[in-house]
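Residue numbers 1 to 791, in full-length UniProt numbering, belong to the letters of the sequence shown in order. The beta carbon of each residue, even a glycine, is placed where N, CA and C say it ideally should be. Here's the structure we're looking at; comments come further down.
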Amino acid sequence: VELNELIVDKNQEMRWKETARWIKFEEDVEAETDRWGKPHVASLSFRSLLELRRTITHGAIMLDLDQTTLPGIAHLLVETMIISDQIREEDRANVLRALLLKHRLFLEKPAMAFVRLNEAVLLESVLEVPVPVRFIFVLLGPTQTNMDYHEIGRSFSTLMSDKVHLTLYFADDRQDLLNGINEFLDCSIVIPPSDVEGKDLLKTVASFQKQMLRKRKERELKKCGSIVTGAEQETKGGIPTFDVDPLKRSGIPFGGLIHDIRRRYPRYISDLKDAMDTQCIAAVIFIYFAALSPTITFGGLLGEKTQGMMGVSELIISTATVGVLFSLLAGQPLLIIGFSGPLLVFEEAFYKFCQAQGFEYLTGRVWIGFWLIFIVLVIVAAEGSFLVRYISPFTQEIFAFLISLIFIYETFSKLIKVFQEHPLMKSYPTAPVLPAFKPIDPQGHSVIGEPILNQPNTALLSLVLMMGTFFVAFFLRKFRNSRFLGGKARRIIGDFGIPISILISVLVDCIIPETYTQKLNVPSGFSVTSPDKRSWFISPFGDKQPFPVWMMGASVIPALLVFILIFMETQITTLIVSKKERHLVKGSGFHLDLLLIVTLGAICPLFGLPWLTAATVRSVTHVNALTVMSKAIAPGEKPMIHEVKEQRVTGMCVSILVGLSIVMTDVLRHIPLAVLFGIFLYMGVTSLTGIQLYERITLMVTPAKHHPDHIYVTKVKTWRMNMFTIIQLLCIALLWVVKSTVASLAFPFILIMTVPLRRLILTRIFEERELDSPNFDEDGRDEYNEIHMLV
Numbered sequence: 001v002e003l004n005e006l007i008v009d010k011n012q013e014m015r016w017k018e019t020a021r022w023i024k025f026e027e028d029v030e031a032e033t034d035r036w037g038k039p040h041v042a043s044l045s046f047r048s049l050l051e052l053r054r055t056i057t058h059g060a061i062m063l064d065l066d067q068t069t070l071p072g073i074a075h076l077l078v079e080t081m082i083i084s085d086q087i088r089e090e091d092r093a094n095v096l097r098a099l100l101l102k103h104r105l106f107l108e109k110p111a112m113a114f115v116r117l118n119e120a121v122l123l124e125s126v127l128e129v130p131v132p133v134r135f136i137f138v139l140l141g142p143t144q145t146n147m148d149y150h151e152i153g154r155s156f157s158t159l160m161s162d163k164v165h166l167t168l169y170f171a172d173d174r175q176d177l178l179n180g181i182n183e184f185l186d187c188s189i190v191i192p193p194s195d196v197e198g199k200d201l202l203k204t205v206a207s208f209q210k211q212m213l214r215k216r217k218e219r220e221l222k223k224c225g226s227i228v229t230g231a232e233q234e235t236k237g238g239i240p241t242f243d244v245d246p247l248k249r250s251g252i253p254f255g256g257l258i259h260d261i262r263r264r265y266p267r268y269i270s271d272l273k274d275a276m277d278t279q280c281i282a283a284v285i286f287i288y289f290a291a292l293s294p295t296i297t298f299g300g301l302l303g304e305k306t307q308g309m310m311g312v313s314e315l316i317i318s319t320a321t322v323g324v325l326f327s328l329l330a331g332q333p334l335l336i337i338g339f340s341g342p343l344l345v346f347e348e349a350f351y352k353f354c355q356a357q358g359f360e361y362l363t364g365r366v367w368i369g370f371w372l373i374f375i376v377l378v379i380v381a382a383e384g385s386f387l388v389r390y391i392s393p394f395t396q397e398i399f400a401f402l403i404s405l406i407f408i409y410e411t412f413s414k415l416i417k418v419f420q421e422h423p424l425m426k427s428y429p430t431a432p433v434l435p436a437f438k439p440i441d442p443q444g445h446s447v448i449g450e451p452i453l454n455q456p457n458t459a460l461l462s463l464v465l466m467m468g469t470f471f472v473a474f475f476l477r478k479f480r481n482s483r484f485l486g487g488k489a490r491r492i493i494g495d496f497g498i499p500i501s502i503l504i505s506v507l508v509d510c511i512i513p514e515t516y517t518q519k520l521n522v523p524s525g526f527s528v529t530s531p532d533k534r535s536w537f538i539s540p541f542g543d544k545q546p547f548p549v550w551m552m553g554a555s556v557i558p559a560l561l562v563f564i565l566i567f568m569e570t571q572i573t574t575l576i577v578s579k580k581e582r583h584l585v586k587g588s589g590f591h592l593d594l595l596l597i598v599t600l601g602a603i604c605p606l607f608g609l610p611w612l613t614a615a616t617v618r619s620v621t622h623v624n625a626l627t628v629m630s631k632a633i634a635p636g637e638k639p640m641i642h643e644v645k646e647q648r649v650t651g652m653c654v655s656i657l658v659g660l661s662i663v664m665t666d667v668l669r670h671i672p673l674a675v676l677f678g679i680f681l682y683m684g685v686t687s688l689t690g691i692q693l694y695e696r697i698t699l700m701v702t703p704a705k706h707h708p709d710h711i712y713v714t715k716v717k718t719w720r721m722n723m724f725t726i727i728q729l730l731c732i733a734l735l736w737v738v739k740s741t742v743a744s745l746a747f748p749f750i751l752i753m754t755v756p757l758r759r760l761i762l763t764r765i766f767e768e769r770e771l772d773s774p775n776f777d778e779d780g781r782d783e784y785n786e787i788h789m790l791v
């Protein structure tokens, strides 16, 4: 929408000048600099709106005009003004000259005309950009009048940028236009003159306007009869998509699984075609490093916790094999399959249990796998994924927060161990010069067996490498939204922030060869981490000693705990990936994906491989890398998600590259472990900052006057919000204590108990109510209801 005004230029000639424009928000030409000002929400005077309505009541209205040139429109417009007694016959030439030749004009009284062309046409020399014109509003009059033409023009322009313009498309007569203006006035607010400060005034106005907009939306729904009464059908690539609740039970065995297959597999061809895009290629490179870093780091930790029974090579092979099969068969192939912190906690607890009881650890995992297959078949047959409905954000936040804490804790735990092995000393014993890239095992020993301890500057350099990797990756992520360089350059640098930070830190380590740093231990070829302790195939009946028969049956208990972990992390990750604002159209596969992940993971113990789950942080990162933001946005408006490249090729390629990493040992052995600690810290911190619980924790130490205008802050007393936050923190503390003690096997059970805590106990302390803001979507409602506090 453009506003052009007739002005007198330096040569004392009259000409039309664009003084304002609306691309959702208003932009005005600054008189001093003749440049566009910042986009802002239009604020109108009530008098100008009344004057606008009066002029339309008495002005010339021409609807569906069959003209394609400005002169033709102008002649008909002037004729209509004469017929409606707005101008005199002798003013015809002057008005035409003003409209077309941009010369002087004096009228006795204001004259108005509104034109809607039958079809939008390109009018030469009317707009600065070649945009087809459908509507024209003309207001002419003498300068000596109490009418503010500029404000009336702004008022009509704002109406055209509002939903009112939809009414103007279908208006049949003058009354329809007036009804549209009246509707706009119904949702407008008149603020009487007062001494109230701006912030308090805006809060009051915003709250009142939300109520008015909600009533407006309700009227529109009743008028259009647009209440959804079933599945809404869309199309993409010629394939119909139905907005059906994927968690709705069908009532027949395996009904949810059948529904997932019927909905997702017809799009298999499009899943391959949609991957033919340069953005997918960039995503593969980016996610490869994002997936390889935790795989190697978790592999090292796993080797340490299990004394070499499973390590980097086993985790790489498991991640690659399961990842490829999952990408080929999944209902939601955007998920990235990998190892996670909670699974590491369980593996450590189960290993200690087997060591204490004298059982073979790897054989016990085989029987857990057998029971996992039985459990998942029962759950999928009963369409058990509907239980995800009961996992509220209360539990989701606790689980996500705990995963981030595990990432951060393991980072500093390993760094402290480096400082313990290489303490700062006044003098160091004489030691032979060590090779800069000497491979060592997870226990801190070289492959030839002698310990590497008390090396000068090792701890300090490890700290520098870790923090350097973290800060470079973190700031390159921020650089993506900075003002430096071009948009494409910023996006490339931001997307490749992790590999760039790894490369820089490795180069720093290489140029300081005299200081020893512990390097990544990757076995050569497809060999197990500890060939002297195990082989590739694990016998279900025991290797060095018979496995107890009673333990074969009792393994159902740890199997149930593993299933709880995989179920929660997989389903919660799917919920996050499938958020409405991402506009995914191919659907998800709660039942199918659960069956695939658990079944494939259950087969892994037969080969001594770790079971896996949908990795939350890596999956969200993957989806973000495949997200296309809308370019057609208003100035000053945040970009909206246009689409996500939904396909199954990127995940498969990432898994293949992770598998090929096992043959790149010569390269990977140059990477210091401290660098991977920095990546771990980066993943933990960045995932932590996206959790609402973290935001509420920061608000606990923030003065109330500095609290943001979030719905869970403005609608709830601060002490009630803090009490809810403290309850969640107590749950996290309990889970941390359990995972750190001999009772760590009960960790999944304690985690699942947060669901009845939220549903049965907290509802007696806090009350729930519906959101009163129509501007919040379902995610916003969930966010507010999760606080569910009523003062």
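Cβ-based burial, residue 122 [other Cβ within 10 Å; buried from 16]: exposed
Three-state class that DSSP yields for residue 61 in the structure shown: strand
Ranges of the alpha helix (DSSP H) found wholly within the stretch 557-623, counting only runs of at least 4: 590-603
Neighbour-count burial assignment, residue 169, 16 or more Cβ in a 10 Å radius: exposed
Cβ contact check for the stretch 275-290 and the stretch 640-654: 3 or more pairs under 8 Å: yes
Within 8 Å, strictly: CB atoms of residue 95 and residue 78: yes
Within 8 Å, strictly: CB atoms of residue 732 and residue 398: yes
Burial state of residue 354, where buried means 16 or more other Cβ atoms lie within 10 Å: buried
The stretch 312-330 contacting the stretch 598-615, beta-carbon criterion three pairs below 8 Å: yes
Per-residue DSSP class, three states only, for residue 119: strand
Three-state secondary structure assigned by DSSP to residue 36: strand
Residue 348 versus residue 306 - alpha carbon distance: 7 Å
For residue 640, the nearest candidate out of 670, 570, 583, 589 (CA to CA): 583
As assigned by DSSP and simplified to three states, the class of residue 303: helix
Start-end ranges of the alpha helix (DSSP H) lying completely within the stretch 463-502, minimum 4 residues: 487-495
For residue 20: DSSP bridge partner residues: 3, 28
Proximity to residue 16 [Cα-Cα], best of 361, 148, 140: 140
CB contact flag (residue 677, residue 414, <8 Å): yes
Pairwise C-alpha distance: residue 526 and residue 499: 25 Å
Buried versus exposed call for residue 765 [16 or more other C-beta atoms within 10 Å across all chains shown]: exposed
Spatial distance of residue 694 from residue 260 (CA atoms): 34 Å
Buried versus exposed call for residue 51 [16 or more other C-beta atoms within 10 Å across all chains shown]: buried
Residue 719 classed as buried or exposed, judged by whether at least 16 other C-beta atoms fall within 10 angstroms: exposed
Nearest to residue 330 (by Cα), restricted to the options 107, 596, 100: 596
Residues near residue 755 by beta carbon distance below 7 Å, same chain, minus five either side: 390, 391, 395
Cβ-Cβ separation, residue 144 to residue 111 (assumed contact under 8 Å), whole Å: Actually they are not in contact, since the Cβ atoms of residue 111 and residue 144 sit about 15 Å apart, beyond 8 Å.
Buried or exposed (CB count within 10 angstroms, at least 16 for buried), residue 797: Nothing can be reported for residue 797, as the shown portion of the chain is limited to 1 through 791.
Burial state of residue 482 (16 or more Cβ within 10 Å): exposed
N- and C-terminal bounds of the alpha helix (DSSP H) containing residue 410: 393-421
Nearest neighbour of residue 178, chosen from 4, 55, 417, 65 [CA to CA]: 55
Start and end residues, alpha helix (DSSP H) containing residue 134: Premise fails: residue 134 lies in the beta strand (DSSP E), 133-140, not in any alpha helix (DSSP H).
Neighbour-count burial assignment, residue 485, 16 or more Cβ in a 10 Å radius: exposed
Selection from 156, 471, 644 that minimises the alpha carbon distance to residue 136: 156
Residue 825, enclosing alpha helix (DSSP H) - first and last residue: Here the chain comprises residues numbered 1 to 791, so residue 825 is not present and cannot be evaluated.
Neighbour-count burial assignment, residue 152, 16 or more Cβ in a 10 Å radius: buried
Endpoints, the beta strand (DSSP E) within which residue 643 is located: 641-644
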